[in-house]
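Colleague: My questions all concern the structure below.
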Amino acid sequence: MMNNHVIRDETFVAHVIFDDINERIRVEDYRGDVQRCIRYLKQIDRQKYSKVIVKARQEHVPLFIENGFNYEGWIEGYFRGSHAHFLTFYFQMERKMSRHWCMEDQVLEAVQTKQRTVLSSLPNGYRFRKATVTDANELSNLYRTVFAIYPAPLHDVSYVEKILKEGAMFYVIEHDGTIVSAASAEINRTYYNAELTDCVTLPDHRQHGLIKYLLQQLEADLKHQQIFCAYSLARAQSYGMNAAFHQLGYRYSGRLANNCYIFENLEDMNIWVKDLSQ
19 MMNNHVIRDE TFVAHVIFDD INERIRVEDY RGDVQRCIRY LKQIDRQKYS
69 KVIVKARQEH VPLFIENGFN YEGWIEGYFR GSHAHFLTFY FQMERKMSRH
119 WCMEDQVLEA VQTKQRTVLS SLPNGYRFRK ATVTDANELS NLYRTVFAIY
169 PAPLHDVSYV EKILKEGAMF YVIEHDGTIV SAASAEINRT YYNAELTDCV
219 TLPDHRQHGL IKYLLQQLEA DLKHQQIFCA YSLARAQSYG MNAAFHQLGY
269 RYSGRLANNC YIFENLEDMN IWVKDLSQ
């Protein structure tokens with residue numbers, strides 16, 4: 019379960035997501051007395067949650083670090099042009115220590131040697147379109163097939179149906195009438211940014227780089243809506259996904275350690291950011 023709460027104290031307000039699935043707490047926004055907000059976060063149930071992630075303003079970064087938080091990356095232009103900085107606090111040593119960090123550095127280094135690409139048209143036999151509510155069951159099956167574990171409840175058809183009804187922006191690619199690849203954009207209309215996420219392709223179709231076509235289409239939609247800050251979190255161990263973002267002009271801007279349960283276990287996630295106005 020993911021529960022959104024607005025924590026109201028006499029001296030601060032914080033928009034907090036209690037993410038039971040990934041045993042973490044995400045602070046999406048805050049205002050007021052930052053020191054008191056930090057004290058509140060450090061008193062949260064340490065048996066239930068093992069990590070706190072805060073999207074912090076530039077001017078508050080030193081204060082979070084003084085209070086034991088770790089700096090893990092940033093999103094350029096997140097807050098209507100100002101940067102958001104990922105500050106994290108760990109309640110358990112196992113959650114803080116990544117076993118694959120050096121290997122993931124090697125993946126990143128290899129990815130960053132690749133040339134940027136200009137996409138041609140989709141390969142023959144494939145077509146892309148925007149997803150509708152009627153695709154909920156097929157989309158849910160797609161995520162279930164590829165991901166044994168996923169950080170959002172996309173295995174649940176009713177959840178997929180709900181977010182599509184609410185206007186979630188998904189694009190899909192079909193082959194022989196079957197959805198073989200999908201991706202979405204989660205738009206923050208308060209700060210005019212979007213997370214490109216839920217990227218998935220069936221193994222038999224990965225040689226065509228289909229995700230890059232979907233990402234470009236999502237980017238075009240976002241630019242049409244005058245949303246220029248686009249970012250994504252990619253599995254740090256996935257050469258293909260990190261290469262896709264690099265080739266499309268995204269910049270690497272940090273890594274979140276043991277960020278979420280995806281694929282088979284807790285994994286580190288690389289941050290990729292692109293200014294769509296350029």
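In the numbering used here, the protein residues as written are 19 to 296.
Every residue gets a Cβ at the ideal spot worked out from N, C-alpha and C, and that includes glycine.
1. Should Pro80 go down as buried or exposed, given a rule of 16 or more other Cβ atoms within 10 Å for buried?
2. Which one or two residues does DSSP pair with Asn22 in a beta bridge?
3. Tell me Trp92's beta-bridge partners as DSSP assigns them.
4. Label Arg117 either buried or exposed according to how many other C-beta atoms from any shown protein chain fall within 10 Å of its C-beta, with 16 as the threshold for buried.
5. With a threshold of 16 other CB atoms inside 10 Å of the CB of Asn283, please say whether the residue is buried or exposed.
6. CA-CA distance, Ala74 and Asp27?
7. Find out if the Cβ-Cβ distance for the pair Tyr191, Ser202 is shorter than 8 Å.
8. How should Gln21 be labelled, buried or exposed, when 16 other C-beta atoms within 10 angstroms of its C-beta is the threshold for buried?
9. Just verifying my parser: in three-state terms, what is the DSSP assignment at Tyr231?
10. With a cut-off of 8 Å, do at least 3 Cβ pairs link the segment 214-223 to the segment 162-182?
11. What's the gap between the Cα of Glu90 and the Cα of Arg98?
12. Apart from the five residues on each side of it in sequence, which residues of its chain come closer than 7 Å, Cβ to Cβ, to His16?
13. Alpha carbon to alpha carbon, how far is Tyr48 from Arg54? Give it in angstroms, no decimals.
14. Could you give the residue range of the beta strand (DSSP E) that holds Asn283?
15. Relative to the C-alpha of Trp92, which residue among Asp293, Tyr270 and Arg57 is closest?
16. Given that a residue counts as buried once 16 or more other Cβ atoms are within 10 Å of its Cβ, and exposed if not, what is Leu251?
17. Ignore the nearest five residues each way along the sequence and tell me which others in Ile56's own chain have a CB closer than 6 Å to its CB.
18. Contact between the segment 147-159 and the segment 169-185 is defined here as three or more beta-carbon pairs at a separation below 8 Å; is this criterion met?
19. On a Cα-Cα basis, can you pick out the residue from Gln296, Asn277, Tyr231 and Phe82 that is closest to Ile39?
20. Which runs of the beta strand (DSSP E) spanning at least 3 residues fall entirely within the segment 55-87, listed in chain order?
21. What residue range does the alpha helix (DSSP H) around Asp216 cover?
22. Mapping DSSP to helix, strand and coil, what is Lys148?
23. Within this structure, are the beta carbons of Val52 and Phe107 separated by less than 8 Å?
24. Grab me the residues of Tyr177's own chain with a C-beta within less than 6 Å of its C-beta, minus the 5 sequence neighbours each way, in chain order.
Modeller: Straight from the coordinates:
1. Position 62 of the sequence shown, counted from the start, is the residue given in the question as residue 80. Pro80 is exposed by the Cβ-count criterion.
2. Here residue 22 is taken as the residue at index 4 of the sequence shown, counted from 1. Its beta-bridge partners are Ile35.
3. On the sequence shown, residue 92 is found 74 positions in, with the first residue counted as 1. Paired residue(s): His103.
4. For this step, residue 117 is matched to residue 99 along the sequence shown. It counts as exposed.
5. Mapped onto the sequence shown, residue 283 falls at position 265. That one is exposed.
6. Taking the first residue of the sequence shown as 1, we reach residue 74 at position 56. Taking the first residue of the sequence shown as 1, we reach residue 27 at position 9. Taking the straight line joining both Cα atoms gives about 18 Å.
7. The sequence position of residue 191 within the sequence shown is 173, counting from 1. The sequence position of residue 202 within the sequence shown is 184, counting from 1. The residue asked about is misnamed: residue 191 is Ile in this sequence, not Tyr. No. Outside cutoff.
8. Here residue 21 corresponds to residue number 3 of the sequence shown, with the count starting at 1. First, the amino acid is wrong: residue 21 is Asn here, not Gln. In summary, Asn21 is exposed, with fewer than 16 beta-carbon neighbours lying within 10 Å of its beta-carbon over all protein chains present.
9. Within the sequence shown, the letter at position 213 stands for residue 231. Helix.
10. yes
11. As a first step, residue 90 must be located in the sequence shown, where it is residue number 72. As a first step, residue 98 must be located in the sequence shown, where it is residue number 80. If you take the alpha carbons of Glu90 and Arg98, they lie about 21 Å apart.
12. Summary: the structure shown does not reach residue 16, with the chain confined to residues 19 through 296, and so no result is reported for it.
13. Against the sequence shown, residue 54 aligns to sequence position 36. Against the sequence shown, residue 48 aligns to sequence position 30. Using only the alpha carbons, I get a separation of about 11 Å.
14. As a working mapping, residue 283 is identified with position 265 in the sequence shown. If you look at Asn283, you'll find it in the beta strand (DSSP E) that goes Asn283 to Asp293.
15. Indexing the sequence shown from 1 puts residue 92 at position 74. Comparing Cα positions, the closest option is Tyr270.
16. Along the sequence shown, one-based indexing puts residue 251 at 233. Looking at its Cβ environment, which holds 16 or more other Cβ atoms inside 10 Å, Leu251 is buried.
17. Taking the sequence shown and counting its residues from 1, the one referred to as residue 56 is at position 38. So the list reads Asn85, once near-sequence residues are dropped.
18. yes
19. As a first step, residue 39 is located in the sequence shown; it is residue number 21 there, counting from the start. Minimum Cα distance to Ile39 is reached at Asn277.
20. 69-75
21. As a position in the sequence shown, residue 216 is number 198, starting the count at 1. No alpha helix (DSSP H) holds Asp216; the beta strand (DSSP E) holding it covers Asn211 to Thr219.
22. Locating residue 148 in the sequence shown gives position 130, where the first residue counts as 1. It is a strand residue.
23. Start at 1 with the first residue of the sequence shown, and residue 52 comes out as number 34. Start at 1 with the first residue of the sequence shown, and residue 107 comes out as number 89. No. Outside cutoff.
24. What you label residue 177 is simply residue 159 of the sequence shown in a count that begins at 1. The answer, listed in chain order, is Pro171.
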